[in-house]
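**Student:** Could you have a look at this structure, given as structure tokens, before my questions?
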Amino acid sequence: MAETYTLPALPYAYDALEPYISAQIMELHHSKHHATYVANLNKAISSPKAANTQSMIHFNGGGHINHSIFWKNLAPASSEDANTTSAPTLMQAIDAEFGSFGDFRSKFNAALLGIQGSGWGWLIVKEDGNLDIITTRDQDTVPAGTTAIFGVDMWEHAYYLQYLNGKAAYVENIWNIINWKYAETRYKGEADGEFKDLRAML
Amino acid sequence: MSLAASTRSTLARASKASSIRALGSLTAVRTNYTLPDLPYDFGALEPHISGQIMEIHHQKHHKTYVNGINDAQEKFAAASSPAEKVALTSLIKFHGGGHINHSLFWENLSPTNKDGGAPPSGALAKAIDDTWGNLDGFKGQMNTALAGIQGSGWGWLVKDKSTNKLSIVTMPNQDPINTSQYIPLVGIDAWEHAYYLQYQNVKADYFKAIWNVINWKTAEKRFA
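Quick mapping for you: the protein sequence lines, in order, are chains A and B.
Using this note's numbering, the first residue of the first sequence is number 41, and each one after it goes up by one.
Using this note's numbering, the first residue of the second sequence is number 2, and each one after it goes up by one.
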């Protein structure tokens with residue numbers, strides 16, 4: 041019997057990220073969009089002979105992994121975790137790689153705004169240990185061998201009800217609610233091996 | 002002339018003209034695309050597509066593609082090396098595709114008190130029946146294709162230019178239909194911005210509702 045995936049609980053209330061992400065967006069995003077990826081992933085796994093099984097696992101499994109990381113890499117703005125001082129090691133590495141936090145942020149924002157369609161922007165650690173900014177399309181996950189430190193969902197459903205076509209404002213505001221404490225633990229290797237079995241199926 | 006064809010010939014004209022008019026005004030050789038007017042009011046497709054969606058979709062999203070293609074063309078014209086030009090092709094395809102797709106889309110929609118939703122007739126109706134059994138059979142297949150898009154994109158009813166056969170094609174992001182092979186007859190925008198303010202995550206309801214405002218008269222003209 042194949043493993044059944046479940047929707048993880050959000051580590052905060054739906055309205056905890058306001059005013060930067062509205063409770064309405066968070067509720068739909070978690071209880072509808074993410075739940076649909078989980079349901080369709082389970083459906084695909086339980087019908088391995090269907091013609092589109094591989095593509096369904098790739099898309100919905102990717103959606104499940106990406107959203108699971110995303111919820112945890114956000115935190116209420118008032119929380120200590122949302123302060124960059126909660127990521128001292130990572131901040132040093134960001135300065136070393138990008139010159140300064142400001143330069144990193146600008147480069148990350150430009151990458152997010154350059155996505156042509158649905159996708160994600162990520163800060164990753166490459167196999168050689170260096171940081172990099174990448175984007176992935178649709179629900180593709182970060183490449184094998186790399187580790188996502190944090191991601192930003194650039195699908196329109198992630199911001200549209202609040203920001204409409206003004207995605208630059210969403211991108212600007214998301215910096216208030218990045219969970220730097222969690223990013224630090226991922227940078228230190230805590231995420232290694234997560235979703236190992238599911239990733240192998242994608 | 003189709004929009005894609007007109008885009009191609011305008012681009013060709015612009016590059017020919019650049020040498021001819023080199024002594025004249027530089028701006029005269031640049032093609033500036035403009036946002037086409039909607040052929041109906043923003044609220045005219047309600048309740049199937051809300052006035053708010055139509056206004057933002059046309060005034061903001063389509064306008065951004067128009068600005069984007071003009072900007073990319075300007076940079077392309079100014080680029081001195083092939084490498085710089087190649088680097089701009091993705092922007093030209095994205096924004097140019099966005100402009101082409103939305104221009105076709107507005108024209109293949111219509112309010113229900115005009116042509117919207119009135120089934121096709123004549124040769125197009127026959128071709129649909131021959132291919133899918135009947136119009137509902139086609140709509141069912143098209144809605145399945147639309148629902149299956151993994152990310153942003155479009156669904157199209159197209160006619161193959163060499164075989165005259167109809168088929169359903171989905172395209173990712175703003176990739177336009179390859180008009181050397183196909184004539185696009187009906188396009189449906191499956192980007193979330195096309196429906197989210199009204200339908201949120203229930204995109205199947207949007208795909209069901211949009212048939213009430215499909216302008217089959219436009220499709221018949223494109224088919225002929």
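Glycine included, every Cβ here is placed at the ideal spot set by N, Cα and C.
With Gly149(B) and Asp178(A) assumed to form a contact (beta carbons below 8 Å), what rounded beta-carbon distance in angstroms separates them?
**Tutor:** In the second sequence, residue 149(B) corresponds to position 148, counting from 1. In the first sequence, residue 178(A) corresponds to position 138, counting from 1. The Cβ separation is near 12 Å, so there is no contact.
**Student:** In this structure, does DSSP put Gly185(A) in helix, strand or coil?
**Tutor:** Position 145 of the first sequence, counting from 1, holds the residue named residue 185(A). The answer is coil: DSSP assigns Gly185(A) none of H, G, I, E or B.
**Student:** For Ser168(A), does the count of other Cβ atoms within 10 angstroms reach 16, so buried, or fall short, so exposed?
**Tutor:** Position 128 of the first sequence holds residue 168(A). According to the sequence displayed, residue 168(A) carries Asp and not Ser. Asp168(A) should be labelled exposed.
**Student:** Tell me which same chain residues have a C-beta within less than 6 Å of the C-beta of Ile214(A), skipping the five on either side of it?
**Tutor:** Within the first sequence, residue 214(A) is the residue found at index 174, counting from 1. Excluding positions up to five away in sequence, the list reads Val192.
**Student:** Applying a beta-carbon distance threshold of less than 7 Å, which residues of chain A neighbour Asn174(B)?
**Tutor:** The residue you call residue 174(B) lines up with position 173 of the second sequence. Ordered by position in chain A, the residues that pass the 7 Å Cβ test against Asn174(B) are Gln156, Gly157.
**Student:** Does DSSP put Tyr196(B) in a helix, in a strand, or in coil?
**Tutor:** By one-based count along the second sequence, residue 196(B) stands at place 195. Correct three-state label for Tyr196(B): coil.
**Student:** With a 10 Å radius around its C-beta and 16 neighbouring C-beta atoms as the bar for buried, classify Glu108(B) as buried or exposed.
**Tutor:** Along the second sequence, one-based indexing puts residue 108(B) at 107. Per the 10 Å Cβ criterion, buried.
**Student:** Taking Gly99(B) as the reference, which of Pro173(B), Gln199(B), Lys204(B), Lys218(B) has the closest Cα?
**Tutor:** Residue mapping note: residue 99(B) aligns to position 98 of the second sequence, counting from 1. Gly99(B) has its Cα closest to that of Pro173(B), out of Pro173(B), Gln199(B), Lys204(B), Lys218(B).
**Student:** If you measure beta-carbon to beta-carbon, which residues of the segment 184-208 of chain A are closer than 8 Å to chain B?
**Tutor:** Cβ contacts with chain B: Trp195, Glu196, His197, Tyr200, Leu201, Leu204, Asn205.
**Student:** Taking contact to mean 3 or more Cβ pairs, one atom from each stretch, closer than 8 Å, check whether the segment 118-125 of chain B and the segment 209-221 of chain B are in contact.
**Tutor:** Yes, they touch.
**Student:** Under DSSP, the beta strand (DSSP E) around Asp72(B) begins and ends at which residues?
**Tutor:** To locate residue 72(B), count along the second sequence from 1; it is residue 71. No beta strand (DSSP E) contains Asp72(B), which is instead part of the alpha helix (DSSP H) from 64-79.
**Student:** With a cut-off of 8 Å, do at least 3 Cβ pairs link the segment 98-115 of chain A to the segment 223-242 of chain A?
**Tutor:** Yes: the two stretches touch, three or more of their Cβ pairs being nearer than 8 Å.
**Student:** From which residue to which residue does the alpha helix (DSSP H) around Leu136(B) run?
**Tutor:** Against the second sequence, residue 136(B) aligns to sequence position 135. 136-148 is the extent of the alpha helix (DSSP H) around Leu136(B).
**Student:** Would a C-beta distance cut-off of 9 Å place Leu105(B) and Ile50(B) closer than the cut-off?
**Tutor:** On the second sequence, position 104 is the one that residue 105(B) refers to. On the second sequence, position 49 is the one that residue 50(B) refers to. No, the pair does not count as a contact, with Cβ atoms beyond the cut-off.
**Student:** Counting only C-beta atoms, is Gly141(B) closer than 9 Å to chain A at any point?
**Tutor:** By 1-based counting over the second sequence, the position of residue 141(B) is 140. No, its Cβ sits nowhere closer than 9 Å to a Cβ of chain A.
**Student:** Determine which residues of the segment 60-81 of chain A have a Cβ less than 8 Å from any Cβ of chain B, and write them out in chain order.
**Tutor:** For the segment 60-81 of chain A, which is checked against every Cβ of chain B, the residues closer than 8 Å are Leu68, Lys72, His73, Thr76.
**Student:** Decide if the segment 179-188 of chain A is in contact with the segment 196-205 of chain A; the criterion is three or more beta carbon pairs, one per stretch, under 8 Å apart.
**Tutor:** With the cut-off at 8 Å, the segment 179-188 of chain A and the segment 196-205 of chain A do not touch.
**Student:** Is it buried or exposed for Ala45(B), if we count other Cβ within 10 angstroms and need 16 for buried?
**Tutor:** Taking the second sequence and counting its residues from 1, the one referred to as residue 45(B) is at position 44. Label assigned to Ala45(B): buried.
**Student:** Can you name the residues that DSSP bridges to Gly191(A)?
**Tutor:** As a first step, residue 191(A) must be located in the first sequence, where it is residue number 151. In the DSSP output, where bridge partners are listed per residue, Gly191(A) has Trp162(A).
**Student:** If you draw a straight line from the alpha carbon of Lys127(B) to that of Gln94(A), how long is it in whole angstroms?
**Tutor:** Numbered from its first residue, the second sequence carries residue 127(B) at position 126. Numbered from its first residue, the first sequence carries residue 94(A) at position 54. Approximately 36 Å between the Cα atoms of the pair.
**Student:** Using a Cβ-Cβ cutoff of less than 7 Å, which residues in the same chain neighbour Gly188(B) once the five nearest sequence positions on both sides are dropped?
**Tutor:** Within the second sequence, the letter at position 187 stands for residue 188(B). Taken in chain order, the residues that qualify are Asn102, Leu105, Phe106, Asn109, Trp155, Trp157.
**Student:** Taking Cβ-Cβ distances below 8 Å as the criterion, which residues of the segment 82-104 of chain B are in contact with chain A?
**Tutor:** Under the 8 Å Cβ criterion, the segment 82-104 of chain B contributes Ser91, Phe95.
**Student:** Taking the alpha-carbon of Gly154(A) as reference, which of Leu89(B), Asn114(B), Gly117(B) has the nearest alpha-carbon?
**Tutor:** The residue labelled residue 154(A) in the question sits at position 114 within the first sequence. Minimum Cα distance to Gly154(A) is reached at Leu89(B).
**Student:** For Thr225(A), which of helix, strand or coil comes out of DSSP?
**Tutor:** For the purposes of this step, residue 225(A) is taken as the residue at position 185 of the first sequence. Thr225(A) falls in the helix class under three-state DSSP.
**Student:** DSSP on Arg239(A), reduced to helix/strand/coil?
**Tutor:** Position 199 of the first sequence, counting from 1, holds the residue named residue 239(A). Three-state DSSP puts Arg239(A) in a helix.
**Student:** What are the boundary residues of the alpha helix (DSSP H) that Tyr207(B) is part of?
**Tutor:** Translated into positions along the second sequence, residue 207(B) becomes position 206. Its alpha helix (DSSP H) spans residues 204-210.
**Student:** If you check the beta carbons only, do Leu171(A) and Phe138(A) fall under 9 Å apart?
**Tutor:** For the purposes of this step, residue 171(A) is taken as residue 131 along the first sequence, with counting starting at 1. For the purposes of this step, residue 138(A) is taken as residue 98 along the first sequence, with counting starting at 1. Going by C-beta atoms, Leu171(A) is nearer than 9 Å to Phe138(A).
**Student:** In the structure shown, what three-state DSSP assignment does Gly117(B) receive?
**Tutor:** Translated into positions along the second sequence, residue 117(B) becomes position 116. Three-state DSSP puts Gly117(B) in coil, outside helix and strand.
**Student:** Under 9 Å, Cβ to Cβ, is there at least one residue of chain A near Ser181(B)?
**Tutor:** Within the second sequence, residue 181(B) is the residue found at index 180, counting from 1. So no, Ser181(B) is outside the interface.
**Student:** Can a CB atom of chain A be found closer than 9 Å to the CB of Lys171(B)?
**Tutor:** The residue you call residue 171(B) lines up with position 170 of the second sequence. Note that residue 171(B) corresponds to Thr in the displayed sequence, not to Lys. Taking Cβ atoms only, chain A never reaches closer than 9 Å to Thr171(B), which makes this a no.
**Student:** Just checking: is the beta-carbon of Lys61(B) within a distance shorter than 9 Å of some beta-carbon in chain A?
**Tutor:** On the second sequence, position 60 is the one that residue 61(B) refers to. Yes, its Cβ sits closer than 9 Å to a Cβ of chain A.
**Student:** Could you list which residues in chain B have their beta carbon closer than 9 Å to that of Arg177(A), in chain order?
**Tutor:** Reading the first sequence from its first residue, position 137 is the one you call residue 177(A). By Cβ distance, chain B contributes Gly152, Pro173, Asn174.
**Student:** Using a beta-carbon distance cut-off of less than 7 Å, what residues from the segment 89-113 of chain A approach chain B?
**Tutor:** Cβ contacts with chain B: Phe99.
**Student:** Kindly indicate which three-state DSSP category Asp180(A) falls into: helix, strand or coil?
**Tutor:** The residue given as residue 180(A) occupies position 140 in the first sequence. Correct three-state label for Asp180(A): coil.
**Student:** State whether the segment 108-120 of chain A contacts the segment 47-55 of chain A, with contact taken as three or more CB pairs (one from each stretch) at a distance under 8 Å.
**Tutor:** Contact between the segment 108-120 of chain A and the segment 47-55 of chain A is present, because at least three Cβ pairs lie under 8 Å.
**Student:** Taking the C-alpha atoms as reference points, what is the distance between Asn149(A) and Lys209(B)?
**Tutor:** Within the first sequence, numbered from 1, the residue matching residue 149(A) stands at position 109. Within the second sequence, numbered from 1, the residue matching residue 209(B) stands at position 208. Looking at the two C-alpha atoms, the distance is approximately 36 Å.
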